[in-house]
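Asker:
Number of protein chains: 2
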Amino acid sequence: MRARQLEVFIAVMRAGTVTAAARMLNISQPALSQILLHTEDELGFTLFERVKGRLRPTPEALEIFADAERLSAGLEGLRRKTTDLRLGRTGLVRVAASPPPALAILPRAFTSFRARHPDILLRSHMAPIAAIVDMLRAGDASLGVALDDRLPPDIEAEVLGSVGFACLLPIGHALAGKTELTLSDLAGEELISYRGNTRPADELAHAARAQGVVVSPSLEIDVSISAVGFVQAGLGIALVDALLPWHQFAGLAVRPLANGPEFPIALLTSRTRALSRVDEMMRDQIRAACSVVLGDDKTGA
Amino acid sequence: MRARQLEVFIAVMRAGTVTAAARMLNISQPALSQILLHTEDELGFTLFERVKGRLRPTPEALEIFADAERLSAGLEGLRRKTTDLRLGRTGLVRVAASPPPALAILPRAFTSFRARHPDILLRSHMAPIAAIVDMLRAGDASLGVALDDRLPPDIEAEVLGSVGFACLLPIGHALAGKTELTLSDLAGEELISYRGNTRPADELAHAARAQGVVVSPSLEIDVSISAVGFVQAGLGIALVDALLPWHQFAGLAVRPLANGPEFPIALLTSRTRALSRVDEMMRDQIRAACSVVLGDDKTGA
DNA sequence: GTGGCAATGCGGGCCCGTCAGCTCGAAGTG
DNA sequence: CACTTCGAGCTGACGGGCCCGCATTGCCAC
Numbered sequence: 000m001r002a003r004q005l006e007v008f009i010a011v012m013r014a015g016t017v018t019a020a021a022r023m024l025n026i027s028q029p030a031l032s033q034i035l036l037h038t039e040d041e042l043g044f045t046l047f048e049r050v051k052g053r054l055r056p057t058p059e060a061l062e063i064f065a066d067a068e069r070l071s072a073g074l075e076g077l078r079r080k081t082t083d084l085r086l087g088r089t090g091l092v093r094v095a096a097s098p099p100p101a102l103a104i105l106p107r108a109f110t111s112f113r114a115r116h117p118d119i120l121l122r123s124h125m126a127p128i129a130a131i132v133d134m135l136r137a138g139d140a141s142l143g144v145a146l147d148d149r150l151p152p153d154i155e156a157e158v159l160g161s162v163g164f165a166c167l168l169p170i171g172h173a174l175a176g177k178t179e180l181t182l183s184d185l186a187g188e189e190l191i192s193y194r195g196n197t198r199p200a201d202e203l204a205h206a207a208r209a210q211g212v213v214v215s216p217s218l219e220i221d222v223s224i225s226a227v228g229f230v231q232a233g234l235g236i237a238l239v240d241a242l243l244p245w246h247q248f249a250g251l252a253v254r255p256l257a258n259g260p261e262f263p264i265a266l267l268t269s270r271t272r273a274l275s276r277v278d279e280m281m282r283d284q285i286r287a288a289c290s291v292v293l294g295d296d297k298t299g300a
Numbered sequence: 000m001r002a003r004q005l006e007v008f009i010a011v012m013r014a015g016t017v018t019a020a021a022r023m024l025n026i027s028q029p030a031l032s033q034i035l036l037h038t039e040d041e042l043g044f045t046l047f048e049r050v051k052g053r054l055r056p057t058p059e060a061l062e063i064f065a066d067a068e069r070l071s072a073g074l075e076g077l078r079r080k081t082t083d084l085r086l087g088r089t090g091l092v093r094v095a096a097s098p099p100p101a102l103a104i105l106p107r108a109f110t111s112f113r114a115r116h117p118d119i120l121l122r123s124h125m126a127p128i129a130a131i132v133d134m135l136r137a138g139d140a141s142l143g144v145a146l147d148d149r150l151p152p153d154i155e156a157e158v159l160g161s162v163g164f165a166c167l168l169p170i171g172h173a174l175a176g177k178t179e180l181t182l183s184d185l186a187g188e189e190l191i192s193y194r195g196n197t198r199p200a201d202e203l204a205h206a207a208r209a210q211g212v213v214v215s216p217s218l219e220i221d222v223s224i225s226a227v228g229f230v231q232a233g234l235g236i237a238l239v240d241a242l243l244p245w246h247q248f249a250g251l252a253v254r255p256l257a258n259g260p261e262f263p264i265a266l267l268t269s270r271t272r273a274l275s276r277v278d279e280m281m282r283d284q285i286r287a288a289c290s291v292v293l294g295d296d297k298t299g300a
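Protein sequence lines correspond, in order, to chains R and Z. For the first sequence, counting from 1, position 31 maps to 30 in numbering that gives the first Met the number 0; every step adds exactly one. For the second sequence, counting from 1, position 161 maps to 160 in numbering that gives the first Met the number 0; every step adds exactly one.
1. So which residues on chain R does Z:Ile131 lean against when the C-beta distance must stay under 8 Å?
2. Taking C-alpha atoms, which residue in R:Gly163, R:Arg53 and R:Asp83 lies nearest to R:His116?
3. Check for me: the beta strand (DSSP E) holding Z:Asp240 runs from which residue to which?
4. Please name the residues in the stretch 31–52 of chain Z whose beta-carbon is closer than 7 Å to at least one beta-carbon of chain R, in chain order.
5. Taking R:Gly73 as the query, report the chain Z residues whose CB atoms sit under 8 Å from its CB, ordered along the chain.
6. State yes or no: is the C-beta of Z:Gly235 within less than 9 Å of the C-beta of Z:Ile285?
7. Mind checking Z:Ile170: buried by the 16 CB within 10 Å criterion, or exposed?
8. Just to make sure I have the definition right: I need the residues of chain Z whose C-beta is within less than 9 Å of the C-beta of R:Thr57. Which are they?
9. DSSP state of R:Thr197, grouped into three classes?
10. Judging by CA-CA distance, which residue of Z:Gly87, Z:Ala95 and Z:Leu42 is the nearest neighbour of R:Lys80?
11. Give the straight-line distance between the Cα atoms of Z:Phe303 and Z:Glu279, rounded to the nearest whole angstrom.
12. According to DSSP, is R:Leu120 part of a helix, a strand, or is it coil?
13. Cβ of R:Arg93 versus every heavy atom of the ligand PLP: is any distance shorter than 8 Å?
14. Would you give the residue range spanned by the alpha helix (DSSP H) that Z:Ser32 belongs to?
15. Taking its Cβ as the centre, do 16 or more other Cβ atoms sit within 10 Å of R:Gln33, making it buried, or is it exposed?
16. Alpha carbon to alpha carbon, what distance is there between Z:Asp148 and Z:Pro199?
17. Hey, R:Ile264 and R:Leu159: beta-carbon distance below 9 Å or not?
18. Counting pairs of beta carbons, one from the stretch 239–257 of chain Z and one from the stretch 123–136 of chain Z, are three or more of them closer than 8 Å?
19. Identify each residue in the stretch 73–90 of chain R for which the Cβ-Cβ distance to at least one residue of chain Z is less than 7 Å, and report them in chain order.
20. Helix or strand or just coil, what does DSSP make of Z:Leu293?
21. Between Z:Glu189 and Z:Leu218, what straight-line distance do the alpha-carbon atoms span, to the nearest angstrom?
22. Please identify the residue among Z:Ala156, Z:Asp221, Z:Thr181 and Z:Gly90 whose C-alpha is closest to the C-alpha of Z:Asn196.
23. Report the neighbours of Z:Glu62 on chain R: residues whose CB is nearer than 9 Å to its CB, in chain order.
24. Within 10 angstroms of the Cβ of Z:Glu75, are there 16 or more other Cβ atoms? Answer buried if so, exposed if not.
25. With the cut-off set at 9 Å, would you say Z:Met0 and Z:Thr57 are in Cβ contact?
26. Taking only runs of the beta strand (DSSP E) that begin and end inside the stretch 51–110 of chain Z, which ones reach a length of at least 3 residues, in chain order?
27. Starting from R:Thr268, follow the beta strand (DSSP E) in both directions and report where the run begins and ends.
28. Give the interface partners of Z:Ala2 over in chain R, defined as CB-CB distance under 7 Å, in chain order.
29. Following the continuous beta strand (DSSP E) through Z:Phe8, name the residue where it begins and the one where it ends.
30. Going straight from the alpha carbon of Z:Val253 to that of Z:Leu182, what length do you get?
31. Counting pairs of Cβ atoms below 8 Å between the stretch 286–294 of chain Z and the stretch 204–218 of chain Z, do you hit three or more?
32. How many angstroms separate the CA atom of Z:His246 from the CA atom of Z:Gly90?
33. Once the 5 residues before and after Z:Glu59 are set aside, which same chain residues still bring their CB inside 6 Å of it?
34. From the DSSP output, in three-state form, read off R:Ser161 for me.
35. By Cβ distance, which residues of its chain are closer than 6 Å to Z:Pro100, with the 5 residues on each side in sequence left out?
36. Are the beta-carbon atoms belonging to R:Leu266 and R:Ala156 less than 9 Å from one another?
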């Protein structure tokens, strides 16, 4: 029994006549009549008794009607579900990001995504990069955003752009008079930056060596945002990524670091897991949001 | 999503490869590949990601897989149900009959029916004819067998044959010496027969009048089988239908009544209700059983 | 006769199937 | 290292069957 035959059968049962059923299904009466006859032929027994030019359901028809209706409703439900999937009206998007992109890029990406797909559940995970990789591998997140593009081979990293370093100064610090700082400006200052043996720390040391200066933090952090409190407390100048929206925090001044290294902004996905439609839509929004944020950075802040 | 597409999708999900799925469905690999591609085209999103010549289900495919399997199983169940209906392997047949056919015809009909369709539930109702008509109208029975063909217009009566009267004599009665009796033989005997204002009583009286004798029962019954006890007790000679297998009862002799009226044996159905396949099969068996019983009656007893 | 209903005949389009042939990647072999 | 082989899936051509609309007929009731 084909799905179409199910629909026709149900329509005739509900409408009572072939003509009315044909109207319900928006097809011609002969077409429906043919399908009905063919169905009965295939089944091997009659579904309706023709009496005086009218139809009367046989006991067999009544017997299978309930099942037919249930199945047809199920098919219709599946059809709706698939159109929802096509249009991206259902599902859950989980994005794992390290704090800077989570605070700088995801809000914008989520906003535009939500405007386009209001019914999709969104979940944001702020995590260090090792945790992001684990989540991508386990399927706990399908998209990741981090400030690193050197990743295991089973993780695909698409570089969306790059962002430099920023210096966080306590309010009133002498160096706040300059619009941008260089590494040599920081000589003799108490520095707060990433702990050793991490990529940003290495790159910073490399750049400093190239410029003939020495940069050695006296206070090490692992996540840039934790520098906020230390700078506010006057413990020193922080050398951190310029992505995080530092201006939102009171009590510190932000100055870009000239000639410093760059962080790559990478969009991470698992190579062993395919993206769902909604994941792809979110990926597009993250790309767009990133370019907007970077553009704003260049012109505005 | 067509039913075929559902099957193909499930087969590919289960088999893992297109070729294996095609083997499962006994079709060629290109055919299945086409259906799968067409399905994805119709859905608007891909179900499998092609990587290195292999297929990997997308999140959407995993999402709808459970529903698809459930629906497909439902369709398969309906398919089995319809073949059961066609072959008459399912259902319930309810037959209402008055006592003589219920004891003489139905056992044979049920036996041959059961031999052909062992899985069908059978139900026999022994009831007076008024109750039979009510049951047919209400759908509590779909077939009826009675010794009357004059019935309301909404009941169809198909006459399967006819049966005459029999005389039930107490063992040792003088008339037992004759192989058959006539109405005039019964003059002066105590008679047991149907109550007045019923069809057999009227016909009996009519036949007696035609033969110039008077038949007036001194003991009235409504159902012929109830005469057994009265005859065994020596209360008189019973004039009843010859259909009921009277020889099964001890303590009475049976002699046919010559030149008596005939009972029509009628197979009853409701004109407003259609017969199911199994009902029709049972109807055929009742017809056959009736002709066998009547033929045996002519030759054997 | 007229109107409503179901069935039939005819023609066209789409789906589905087989068959033959193709590309691509992995694995084996000299 | 180049070649072959094999298995995976895709493409194109062709045919049959299902589904559809249009025109028409048969049947019944009013």
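No residue lacks a Cβ here, since even glycine has one placed at the ideal position from N, Cα and C. Predicted, not measured: the structure shown is a model, and the values here were computed from it.
Answerer: So, from the data block:
1. The residue you call residue 131 of chain Z lines up with position 132 of the second sequence. For the C-beta of Z:Ile131, not a single chain R residue is nearer than 8 Å; the gap to the nearest is close to 19 Å.
2. Translated into the one-based positions of the first sequence, residue 116 of chain R becomes position 117. The option with the nearest alpha carbon to R:His116 is R:Asp83.
3. Reading the second sequence from its first residue, position 241 is the one you call residue 240 of chain Z. Ile236 to Asp240 is the extent of the beta strand (DSSP E) around Z:Asp240.
4. Within the stretch 31–52 of chain Z, the residues whose Cβ lies closer than 7 Å to some Cβ of chain R are Leu42, Gly43, Phe44 and Glu48, listed in chain order.
5. Numbered from 1 along the first sequence, position 74 holds the residue referred to as residue 73 of chain R. Going along chain Z in sequence order, the residues near R:Gly73 (Cβ under 8 Å) are Asp66, Arg69, Leu70 and Gly73.
6. Your numbering for residue 235 of chain Z matches position 236 in the second sequence. Your numbering for residue 285 of chain Z matches position 286 in the second sequence. It is not a contact, given that the beta carbons lie outside the stated cut-off.
7. In the second sequence, counting from the first residue as 1, residue 170 of chain Z sits at position 171. Z:Ile170 should be labelled exposed.
8. Position 58 of the first sequence holds residue 57 of chain R. Chain Z residues near R:Thr57: Ala273, Leu274, Ser275 and Arg276.
9. What you label residue 197 of chain R is simply residue 198 of the first sequence in a count that begins at 1. In the structure shown, R:Thr197 sits in coil (DSSP, three-state: anything other than H, G, I, E or B).
10. Counting from 1 along the first sequence, the entry for residue 80 of chain R is found at position 81. Closest by alpha carbon: Z:Leu42.
11. The structure shown does not extend to residue 303 of chain Z, since chain Z is modelled only from 0 to 300, so the question has no answer here.
12. As a first step, residue 120 of chain R must be located in the first sequence, where it is residue number 121. Looking at R:Leu120 - three-state DSSP - the assignment turns out to be strand.
13. As far as ligands go, the structure on display features none, and thus does not contain the ligand PLP.
14. Counting from one through the second sequence, the residue named residue 32 of chain Z turns up at place 33. Gln28 to Leu42 is the span of the alpha helix (DSSP H), which, as asked, contains Z:Ser32.
15. Counting from one through the first sequence, the residue named residue 33 of chain R turns up at place 34. With fewer than 16 Cβ atoms within 10 Å of its Cβ, R:Gln33 is classed as exposed.
16. Taking the first residue of the second sequence as position 1, residue 199 of chain Z is located at position 200. Taking the first residue of the second sequence as position 1, residue 148 of chain Z is located at position 149. Straight through space, the alpha carbons of Z:Asp148 and Z:Pro199 are spaced by roughly 12 Å.
17. Reading the first sequence from its first residue, position 265 is the one you call residue 264 of chain R. Reading the first sequence from its first residue, position 160 is the one you call residue 159 of chain R. In contact: R:Ile264 and R:Leu159 (Cβ atoms closer than 9 Å).
18. The stretch 239–257 of chain Z is not in contact with the stretch 123–136 of chain Z.
19. Under the 7 Å Cβ criterion, the stretch 73–90 of chain R contributes Gly73, Leu74, Leu77, Arg78, Lys80, Thr81, Leu84 and Arg85.
20. By 1-based counting over the second sequence, the position of residue 293 of chain Z is 294. Helix.
21. Mapped onto the second sequence, residue 189 of chain Z falls at position 190. Mapped onto the second sequence, residue 218 of chain Z falls at position 219. Spanning the two alpha carbons is a distance of roughly 8 Å.
22. Within the second sequence, residue 196 of chain Z is the residue found at index 197, counting from 1. When only C-alpha atoms are compared, the closest one is Z:Asp221.
23. Residue 62 of chain Z sits at position 63 when you count from the first residue of the second sequence. Lys80, Leu84, Thr89, Gly90 and Ser275, listed in chain order.
24. Position 76 of the second sequence holds residue 75 of chain Z. Its Cβ having fewer than 16 others within 10 Å, Z:Glu75 is exposed.
25. Residue mapping note: residue 0 of chain Z aligns to position 1 of the second sequence, counting from 1. Residue mapping note: residue 57 of chain Z aligns to position 58 of the second sequence, counting from 1. Taking 9 Å as the Cβ cut-off, Z:Met0 and Z:Thr57 do not qualify as a contacting pair.
26. 53–56 and 91–96
27. Position 269 of the first sequence, counted from the start, is the residue given in the question as residue 268 of chain R. Counting along the chain, the beta strand (DSSP E) containing R:Thr268 begins and ends at Phe262 to Ser269.
28. The residue you call residue 2 of chain Z lines up with position 3 of the second sequence. Neighbours of Z:Ala2 on chain R, chain order: Arg1 and Ala2.
29. The sequence position of residue 8 of chain Z within the second sequence is 9, counting from 1. No beta strand (DSSP E) contains Z:Phe8, which is instead part of the alpha helix (DSSP H) from Ala2 to Ala14.
30. Position 254 of the second sequence, counted from the start, is the residue given in the question as residue 253 of chain Z. Position 183 of the second sequence, counted from the start, is the residue given in the question as residue 182 of chain Z. Z:Val253 and Z:Leu182: Cα-Cα distance of roughly 15 Å.
31. no
32. Taking the second sequence and counting its residues from 1, the one referred to as residue 246 of chain Z is at position 247. Taking the second sequence and counting its residues from 1, the one referred to as residue 90 of chain Z is at position 91. Using only the alpha carbons, I get a separation of about 35 Å.
33. Here residue 59 of chain Z refers to the residue found at position 60 when the second sequence is read from its first residue. Result list for Z:Glu59: Phe44, in chain order.
34. Here residue 161 of chain R refers to the residue found at position 162 of the first sequence. Strand.
35. Mapped onto the second sequence, residue 100 of chain Z falls at position 101. The answer, listed in chain order, is Val144.
36. The residue given as residue 266 of chain R occupies position 267 in the first sequence. The residue given as residue 156 of chain R occupies position 157 in the first sequence. Less than 9 Å divides the Cβ of R:Leu266 from the Cβ of R:Ala156.
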